[in-house]
Amino acid sequence: MTTEIPKPRLLSPRLQDVLGIDAPVLQSGMGGVAGVDLAAAVSNAGGLGVLAALRLRPEQVRAAIRDIRERTSKPFGVNIWLHDDVRTPPDPDDVPDDVIRGAQTVLNEFRSRFDLPPSLARPDAGADLVNAALEVMIEEQIPVFSAAIGVPESDLVERFHRVGTRTVAMVATVEDAIAAVDNGVDAVVAQGTESGGHRSYGTKRARTDAVGQSTLTLVPQMVDAVGDRVPVIAAGGIVDGRGLAAMLALGADGVLLGSRFVATKESLASPVWKQRMTTGDRSTTLTDGFTGQWARVLASEFTERWEESGADTPPGLMQSALGRDVFQAAANVDDDQLRPLYAGAGIAAMNDVPGAGEVVKRIVAEARDRLHHLNSEY
Ligand SMILES: Cc1cc2nc3c(=O)[nH]c(=O)nc-3n(C[C@H](O)[C@H](O)[C@H](O)COP(=O)(O)O)c2cc1C
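The sequence shown begins at 0 in numbering that gives the first Met the number 0 and counts up by one.
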């Protein structure tokens, strides 16, 4: 007689308790990609949808929070970066002339393609929007605050807790995970180097340090370091149920996915970006040439030329201001070689553009089947 092995439970009670979700799948806040439609679709499917607040004015953050509340009664998060130089933008006048000249000289090569005038100008000082966005999130008593690229300080965590908001911090080192948990966060996201987008460090590192550790090696270390105190969520290179099953086996409580949700119907990414994420050559690389901070993007003519030039970037996010005319001109004509298409190293396993709710359901079903199958085979 064969005994039926029950399908495994995937969601740990503590992650369910902290985030109020039904599926151990978080969608990453993604600037310019994760708006109300995407976040609401993920939350409605039982995962945690997360709005991206980076670079939004306070009234836009408030409107998006109110809008998502109209579309879902489930918990959702709002994400922002806490990078030192993003929270308090540096003064462009303090940047050495040769750094501006070096960066502008490379950008000028591309300006000529779009008939843009060459420039050696300094960028504008970036707007200081992070602190204003944080105030709106606290006033609106959002369900979950998602911090990245900088460890939230204990005062900030406490202010969120006072209004009933849970806090999640994405970190790329064990040291930052311990600091975040000491500061009171309710969960940490372990960001491995496969991740698409920016590296979650509060200050810029040298390229070799910015590479960081793979998800496979980072997650168990973080589980050992802080897993007895808070849930650990794995991020980087996970695009399907195999990835979720693997991360649960490493001791994570759940997963956070960015790239997989870029290529969904509800994401705000352009059609060309979604196509590049799901077809053809999907090589990715780390570059600081688009924003000034290290990020994983689809490899392109721009990333190759920027690296070869050896140019330095100005601090903070000034590089995005320096190159704005080039990147915008490329976006206007759907050029995929001269603008940032953030993407993680796991995308080669993606080959469709489904609805975001379907992604959550599929990942959970596949992980459950995989673990059940392993259980019954061995
Ligand atoms: C297009 C894109 C934009 C991103 N923007 C943000 C952001 O605004 N805030 C943030 O915390 N992380 C951002 N990330 C990084 C993710 O939080 C996460 O580390 C990563 O997506 C996980 O790896 P994966 O892309 O392989 O799933 C972004 C990632 C991508 C792909």
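Beta carbons: idealized from backbone N, C-alpha and C, even for Gly.
When you compare the CB positions of Val229 and Ala186, do they come within less than 9 angstroms of one another, or not? Cβ atoms of Val229 and Ala186: closer than 9 angstroms.
Can you list, in chain order, the residues of its chain with a C-beta nearer than 6 angstroms to that of Pro122? Leave out the 5 residues immediately preceding and following it. If you ignore the 5 residues before and after Pro122, its C-beta comes within less than 6 angstroms of the C-beta of Pro91, Met317, Ala320, Leu321, all in its own chain and listed in chain order.
Flag Arg170 as yes when its Cβ comes closer than 8 angstroms to any non-hydrogen atom of ligand 1, and as no otherwise. According to the sequence provided, residue 170 is Val. The question's Arg does not apply to it. Not under cutoff, so the answer is no.
Could you check the C-alpha separation between Ser145 and Val77 for me, to the nearest Å? Note on geometry: alpha-carbon atoms of Ser145 and Val77 lie some 6 angstroms from one another.
Check whether the Cβ of Trp293 lies closer than 8 angstroms to any heavy atom of ligand 1, and answer yes or no. Not under cutoff, so the answer is no.
Within 10 angstroms of its Cβ, does Ala39 collect 16 or more other Cβ (buried), or is it exposed? Buried is the call here.
So Gln26 and Gly48 are supposed to be a Cβ contact under 8 angstroms. How far apart are they, rounded? Rounded, the Cβ-Cβ distance is 5 angstroms, consistent with contact.
Report, in whole angstroms, the separation of the C-beta atoms of Thr166 and Ile141, which I expect to be a contact under 8 angstroms. The pair is not a contact, with the Cβ atoms about 10 angstroms apart (cut-off 8 angstroms).
Does the pairing of the segment 201-211 with the segment 236-250 give three or more beta-carbon distances under 8 angstroms? For the pair of segments examined, the segment 201-211 was found not to touch the segment 236-250: the number of CB pairs separated by less than 8 angstroms stays below three.
Range of the contiguous alpha helix (DSSP H) that encloses Met276: Where Met276 is concerned, the enclosing alpha helix (DSSP H) stretches over 270-277.
Should His82 be listed as close to ligand 1, given that the test is whether its C-beta is under 8 angstroms from any heavy atom? Outside the cutoff, so no.
Measuring only between beta-carbons, confirm whether Asp239 sits less than 9 angstroms from chain D. Absent from the structure: chain D. Only one protein chain is present.
Within 8 angstroms, do at least three Cβ pairs link the segment 258-278 to the segment 328-348? Yes, since at least three Cβ pairs between the segment 328-348 and the segment 258-278 fall closer than 8 angstroms, the two stretches touch.
Considering only C-alpha positions, which residue in the set Gly101, Asp127, Trp293, Asn130 is nearest to Ser118? In this structure, Gly101 is the residue among Gly101, Asp127, Trp293, Asn130 with its C-alpha nearest to the C-alpha of Ser118.
Comparing alpha-carbon positions, which option in Lys264, Leu115, Glu139, Ala328 lies nearest Ala62? The candidate whose alpha carbon is nearest that of Ala62 is Glu139.
Looking at ligand 1, does it come within less than 8 angstroms of Ile237, judged from the CB to the closest heavy atom? Yes; taking the cut-off as 8 angstroms, the Cβ of Ile237 has a heavy atom of ligand 1 nearer than that.
Are the segment 330-343 and the segment 255-266 in contact at 8 angstroms, needing three or more beta carbon pairs? Because the criterion of three Cβ pairs below 8 angstroms is met, the segment 330-343 and the segment 255-266 touch.
Grab the span of the alpha helix (DSSP H) containing Trp305 for me, first residue to last. Trp305 -> alpha helix (DSSP H) spans 300-308.
Could you tell me which of Ser42, Gly31, Val17 sits nearest to Val358, measuring between CA atoms? For Val358, the nearest C-alpha among the options comes from Ser42.
Under 9 angstroms, do Gly250 and Asp223 count as touching if we go by C-beta distance? Yes, Cβ-Cβ distance for Gly250 and Asp223 is below 9 angstroms.
Report the three-state DSSP secondary structure of Gln318 (helix, strand or coil). Of the three classes helix, strand and coil, the one that applies to Gln318 here is helix, per DSSP.
Which residues does DSSP pair with Trp80 in a beta bridge? DSSP output for Trp80 lists Ala147 as bridge partner(s).
Kindly indicate which three-state DSSP category Arg100 falls into: helix, strand or coil? Arg100: helix per DSSP, three-state reduction.
Would you list, in sequence order, the uninterrupted alpha helix (DSSP H) runs of no fewer than 4 residues that lie entirely inside the segment 121-167? You should have 129-138, 153-161.
Looking only at DSSP bridge pairs, what is Phe75 linked to? For Phe75, which the question treats as bridged, DSSP gives the partners Gly48.
Own chain partners of Asp335 with C-beta closer than 6 angstroms, once the 5 adjacent residues on each side are dropped: The answer, listed in chain order, is Val271, Arg275.
Tyr341: CB within 8 angstroms of a non-hydrogen atom of ligand 1: The closest heavy atom of ligand 1 lies less than 8 angstroms from the beta carbon of Tyr341.
According to DSSP, is Gly196 helix, strand or coil? DSSP, reduced to helix, strand and coil, places Gly196 within a strand of the structure shown.
Under a three-way DSSP split, which group does Val187 fall into? Residue state, collapsed to three classes: strand.
Going by DSSP, name the residue or residues bridged to Gln26. Gln26 is bridged by DSSP to Leu256.
Across which residues does DSSP place Met169 in a beta bridge pair? Val188.
Only counting the same chain, and skipping five residues up and downstream in sequence, which positions put a Cβ closer than 7 angstroms to that of Gly332? Looking at the sequence shown, residue 332 is not Gly but Val. By the criterion of a C-beta distance shorter than 7 angstroms, Val332 is surrounded by no residue of its chain, once the five residues flanking it on both sides are discounted.
Reducing DSSP to helix, strand and coil, say where Val332 ends up. Reduced to three states, the DSSP call for Val332 is coil.
Return the residue from the list Pro353, Thr71, Pro89, Ala22 that minimises the CA-CA distance to Ser266. Comparing Cα-Cα distances from Ser266 to each of Pro353, Thr71, Pro89, Ala22, the minimum goes to Pro353.
Does the distance from the C-beta atom of Asp127 to that of Thr87 stay below 9 angstroms? Annotated as proximal: Asp127 and Thr87, with beta-carbon spacing under 9 angstroms.
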